[in-house]
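Those letters in the sequence shown? Residues -22 to -1, 1 to 405, per mature numbering (1 follows the signal peptide of the UniProt record, and there is no 0), in order. All residues carry an ideal CB built from backbone N, CA and C; glycine is no exception. Given the structure is predicted, the values throughout are model-derived calculations rather than measurements.
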Amino acid sequence: MELIQIFLIVSVRLSCVILATGKPDPTDVQIDIVDNTAKISWMIPFNQGVIYSRIYLNNSKEGDMYLDSGKKHKDIPFPVSSFEIANLKMCSEYYVSIQSMSRSGLSEFITQKFWMTNTTFTAAIDGNVTLSWRTSLTDFFVVMEPTGIPIYVVHGESIISNIVGTKFKYDVMTLDVSTINIIVMSVMKTDAGLYQSIEDGYRDMEANGCCVLVVTTKPMTPVLTIDHEHPFVNNNITFTCNSTVQRWPGYIHSKLSFQYFGNPRGYINNNTLILNKLTKSDKGMNISCQATDDLGKVSNMSESIILDPYYSPKIIELSLRDKNETYEWSNATIYSFIEDVNLKIKLSIESNPDPQLVLSSSLMKFPPLRYTKRGIEFLSELPSLTCEDSGNFTIQAFNGIKYGDTRTVNLMIYCKYNDRRIYQDIL
């Protein structure tokens, strides 16, 4: 029996391989079984001119079924993307095939196999699971595994083992042979599929009682993404947590829920986390996520994303001092000093990323200042200036976001005298 391996994401649906035709193929077929009705739904590519979807259903033993007034297909007008088929035979194997009709023609088929049963058991790989169902048969029947090999035969109201080994365990002494109880040991993905009881043991006979074993992995380690690597302060940011689950057979879908860690605030919607109006204090926030499936199985933790919101520079403080650090002025608007004294400048700046510092005046332009950084303090040295350069100087901190921030100071630069006394008087 063919086993279909799929990856399931969020409300996780079927992903089938389809041929590239340039036409809008239907995708993500999902099958829900309630009693003897199969509800089939699929996704329709939008903005591709789909007119209708065409659906076929095949019973593996009886062939194609009539779905619409003597036709073996049903056309579903756009935008409807679901169809219910009632009165299907329990324990039977079906194939549903869907294609889309657009102005460019019919797409390729997407096909999915499923079994009609409401009795489903789920097991993790390497685990053990008990399968149980009832049959109306009391003698001369076979209990089969998905590959079609008999597990045991009931003959003369006694159980006769067929498979030697420890794969399956069951009570050979039971007096109630119509209640099947089988333990599948050390489950593998090849154990997934339909288990059934069949009269006389012929595969072409209809099953009389069955169940489906679903083999599953726990959710894979999520991949956490952010819609902007460096969002801006006051903007909103969205994280997306994606995980997958492998289940066999493929049409048994899974639903994942997600948890986020490291966020003291925010709104979680399905697998997304939305943080509104980022602030500077969000810098360094460490966000990670985890997925849980509908069986309570929990994934490993995702890798973390550390928030690093960008914002325009803001100059908090500006200080100047002479080379001997004898004098220091903070946030003054006028500075006086003797020419040939290279003033050291200290700027306290809130900025992410680090800014470029540019000194300019109405008469002069200088290359960007080189600086060393210590926390939010940026330490640099002004170029050599003469007394003829006196006037207003602007220091701009700019990192490419908006207009940056500037401070304007008046530098009164005195000419240098040889007389030491005059130099001291000026100071």
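Using the Cα positions of residue i and residue j, report the straight-line distance between them to the nearest angstrom.
i	j	result
V74	V120	28 Å
Y289	R352	19 Å
I103	S164	7 Å
T384	K292	8 Å
E359	L347	8 Å
L45	H51	5 Å
P57	N241	39 Å
I76	I54	10 Å
T144	V132	19 Å
P128	N140	6 Å
K17	D286	46 Å
N36	Y72	5 Å
E184	V276	39 Å
I9	D117	34 Å
D13	V142	35 Å
G83	F146	50 Å
residue 411	I160	With the chain covering only -22 through 405, there is no way to say anything about residue 411.
So that I know if they touch, is there some Cβ in chain D lying closer than 8 Å to that of residue i?
i	result
S358	Protein chains in the displayed structure number just one, and chain D is not present.
Let me confirm a value: residue i is counted as buried when at least 16 other C-beta atoms fall within 10 Å, else exposed. Which label applies?
i	result
T157	exposed
E62	exposed
P333	buried
K258	exposed
T304	Per-residue confidence for T304 stands at a pLDDT of 49, beneath the threshold of 50, marking its modelled position as unreliable; no derived number is given.
C69	buried
D169	buried
I354	exposed
F344	exposed
Y313	buried
R81	exposed
Y229	buried
L253	buried
I176	buried
V155	buried
G382	buried
A310	exposed
K91	buried
T100	buried
T113	buried
Leaving aside the five residues before and after residue i along the sequence, list all residues of the same chain whose C-beta is less than 6 Å from its C-beta, in chain order.
i	result
K255	N212
S60	S19
F239	S266
N278	T199
I137	Y130, V150
D271	P197, V223, S232, L234
S(-12)	Bear in mind that a pLDDT of 34 at S(-12), under 50, signals an unreliable position, so the number given afterwards is only what the model happens to contain. Here the set comprises K233.
Does the distance from the CB of residue i to the CB of residue j come in under 8 Å?
i	j	result
L273	L191	no
V193	N220	no
M122	Q174	yes
L251	G262	no
A375	L325	yes
V162	N249	no
L321	I373	no
T195	Q224	yes
N264	I246	no
Just checking my contact of residue i with residue j at CB under 8 Å: how many whole Å lie between their CB atoms?
i	j	result
T203	T222	Wrong, their Cβ atoms sit about 14 Å apart, outside the cutoff.
P124	G171	3 Å
S308	E328	So it is not a contact: roughly 17 Å between Cβ atoms.
T377	S340	The amino acid at residue 377 is misidentified as Thr; the sequence shows Asn. That belief does not hold up - the Cβ atoms of N377 and S340 are roughly 24 Å apart, past 8 Å.
Could you pull out every residue in the same chain whose Cβ sits closer than 7 Å to the Cβ of residue i, ignoring the five residues on either side in sequence?
i	result
I391	F315, E317, L363, T364, C365, D367, S368
W111	T97, I158, G187, C188, C189
T350	L357
The ligand ADP heavy atoms versus the CB of residue i: any closer than 7 Å?
i	result
F146	The ligand content of the structure shown is nil, which means the ligand ADP is not present either.
Take residue i and list the residues in its own chain whose beta-carbon comes closer than 8 Å to its own, dropping the five residues that flank it on each side.
i	result
F210	L256, P287, Y288, Y289, I379
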